[in-house]
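According to the working numbering, the sequence shown is numbered sequentially starting from 2.
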Amino acid sequence: MADKQQGSIYIFRNDGTTYDLESEGIRVISFDPPSANFQHTYNQTGNYGTELVNTQVQQLTIPIIFDVTALDNYDYELQRLKVLRIFSSTEPFYVVNMRIPWLRWKVVAEAFSYPRLNNYWKAKSVSINLVCPDGLAESTATTLDPFTFDSNSYGIGMGLSFDAYKYSFTNKKRFNIHNPSIIPLLASERPVVINFKGTAPNGITITNHTTNQSFNFKRSLTRSDEFKLIGLVPIVNGTQRFGNDWSDRGFVDYEIGDNDIEVTGSDDFDISFKTRFYY
Numbered sequence: 002m003a004d005k006q007q008g009s010i011y012i013f014r015n016d017g018t019t020y021d022l023e024s025e026g027i028r029v030i031s032f033d034p035p036s037a038n039f040q041h042t043y044n045q046t047g048n049y050g051t052e053l054v055n056t057q058v059q060q061l062t063i064p065i066i067f068d069v070t071a072l073d074n075y076d077y078e079l080q081r082l083k084v085l086r087i088f089s090s091t092e093p094f095y096v097v098n099m100r101i102p103w104l105r106w107k108v109v110a111e112a113f114s115y116p117r118l119n120n121y122w123k124a125k126s127v128s129i130n131l132v133c134p135d136g137l138a139e140s141t142a143t144t145l146d147p148f149t150f151d152s153n154s155y156g157i158g159m160g161l162s163f164d165a166y167k168y169s170f171t172n173k174k175r176f177n178i179h180n181p182s183i184i185p186l187l188a189s190e191r192p193v194v195i196n197f198k199g200t201a202p203n204g205i206t207i208t209n210h211t212t213n214q215s216f217n218f219k220r221s222l223t224r225s226d227e228f229k230l231i232g233l234v235p236i237v238n239g240t241q242r243f244g245n246d247w248s249d250r251g252f253v254d255y256e257i258g259d260n261d262i263e264v265t266g267s268d269d270f271d272i273s274f275k276t277r278f279y280y
């Protein structure tokens with residue numbers, strides 16, 4: 002996204018359609034995502050205090066306010082239809098502020114009005130509440146994209162050292178997987194995709210010594226096999242292998258920060274960890 006206009010707000014649809022709001026005649030007045038919407042649960046433990054028992058991240062509401070200018074009455078209606086199309090929420094879409102192109106918000110729009118001024122050429126400021134069900138921004142790039150400033154894949158403020166962190170390895174049995182997100186990457190909620198290609202006559206075990214979790218795949222694998230572990234689900238050559246005779250049904254989460262990972266069962270393999278990060 003390096004060629005996008007700096008400072009513009011972009012909308013990215015799932016079908017590949019991209020809207021630069023400035024180029025579409027939509028002048029954004031404000032787009033200021035608030036902090037994560039943390040929901041805390043407390044338990045009264047005595048007369049003089051409570052115990053924090055749980056914290057959840059709720060959906061996040063992000064207001065966006067913009068002006069739309071038209072040439073005449075007919076163009077006013079055409080502009081209105083365009084705005085409705087851009088913010089159509091039959092499915093989620095992504096919003097990116099090109100000042101920080103390495104972050105995006107997955108959102109849907111709440112119902113909104115399109116008020117007219119007392120003339121034909123301009124709508125009053127349109128205010129839309131964009132709701133982010135995930136509650137957090139995510140990195141536009143994954144861990145398998147280049148870790149460079151020039152690519153606009155990653156940037157300052159993401160908590161990454163571009164020289165130190167790797168997510169693909171060859172024949173390395175113990176290594177670090179760093180999670181700079183503000184949340185842990187849970188197999189049941191933010192699954193990391195592990196791709197393994199290698200020779201494992203008796204199967205493989207992937208262990209996170211930081212969380213004391215492991216996953217064991219019991220069957221043999223060869224270099225011609227495509228093995229993936231997507232969160233809780235092992236997949237071999239495109240087929241889910243979820244039975245007890247295939248694996249121990251274990252899983253691996255990733256704490257915030259460094260995770261000490263070990264691979265056993267193979268001396269000839271390539272392995273990669275694909276995920277986005279959350280802020």
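Note that beta-carbon positions come from the ideal geometry of N, C-alpha and C, so glycine has one too. Values in this document were obtained by computation on a predicted structure and should not be read as measured data.
When the distance is taken between beta carbons, is L222 closer than 8 Å to F228?
yes
Three-pair Cβ contact test at 8 Å for the region 271-280 versus the region 139-148:
yes
Assuming contact is defined by CB atoms lying nearer than 8 Å, are I12 and V96 in contact in what I supplied?
yes
Sub-8 Å separation of V253 and Q214 beta-carbons
yes
Relative to the C-alpha of I1, which residue among L118, Q40, S89 and L131 is closest?
Residue 1 is absent from the model: the chain starts at 2 and stops at 280.
Would you mind reading off the limits of the beta strand (DSSP E) that contains N260?
G258 to T265
By Cβ distance below 6 Å, which residues in the same chain neighbour Y20 in space, the five residues on each side in sequence not counted?
I12 and I87
Taking the beta carbon of F274 as the centre, do at least 16 other beta carbons fall within 10 Å, making it buried, or is it exposed?
buried
What are the boundary residues of the beta strand (DSSP E) that includes R105?
L104 to A110
How many angstroms separate the CA atom of W247 from the CA atom of P185?
27 Å
Assign Y279 to one of three DSSP states: helix, strand, or coil.
strand
For P102, count neighbouring C-beta atoms within 10 Å of its own C-beta (all shown protein chains included) and say buried if the count is 16 or more, exposed if not.
buried
Going by DSSP in three states, I66 sits in which element: helix, strand or coil?
strand
Quick one: any contact between the region 174-182 and the region 254-262, if contact means 3 or more CB pairs under 8 Å?
yes
Which residue comes first and which comes last in the beta strand (DSSP E) that contains Y43?
N38 to G47
With burial defined as no fewer than 16 other Cβ atoms inside 10 Å of the residue's Cβ, what is the status of K1: buried or exposed?
What the structure shows of the chain is the stretch from 2 to 280, and residue 1 is not part of that stretch, so it cannot be assessed.
Please list, in chain order, all residues of the same chain as C133 whose beta carbon is under 7 Å from its beta carbon, the five residues on each side excluded.
Q60, L61, I63, W106, K107 and V108
What does DSSP give as the partner residue(s) for N209 in the beta ladder?
Q214 and I262
Backbone secondary structure at D271 - three-state DSSP:
strand
Distance, Cα to Cα, E111 vs I129?
7 Å
CA nearest to the CA of Y168, picked from F197, S189 and A188:
F197
Report back the beta-carbon spacing between S1 and G232 to the nearest angstrom; my notes put them in contact at under 8 Å.
Past the edges of the chain, shown from 2 to 280, lies residue 1, and the structure says nothing about it.
So for V29, helix, strand or coil by DSSP?
strand
Going by DSSP, which residues form a beta bridge with I184?
According to DSSP, I184 bridges with nothing at all.
Buried versus exposed call for N98 [16 or more other C-beta atoms within 10 Å across all chains shown]:
buried
Could you check which residue in T211, A201, G158 and G199 has the C-alpha nearest to that of F176?
T211
Per the DSSP calculation, A201 is bridged to which residue(s)?
L222
Is it the case that the Cβ atoms of G266 and A201 are separated by a distance below 8 Å?
yes
Taking Cβ to Cβ, would you say D68 is nearer than 8 Å to I10?
no
Tell me the rounded alpha-carbon separation between V194 and G239.
14 Å
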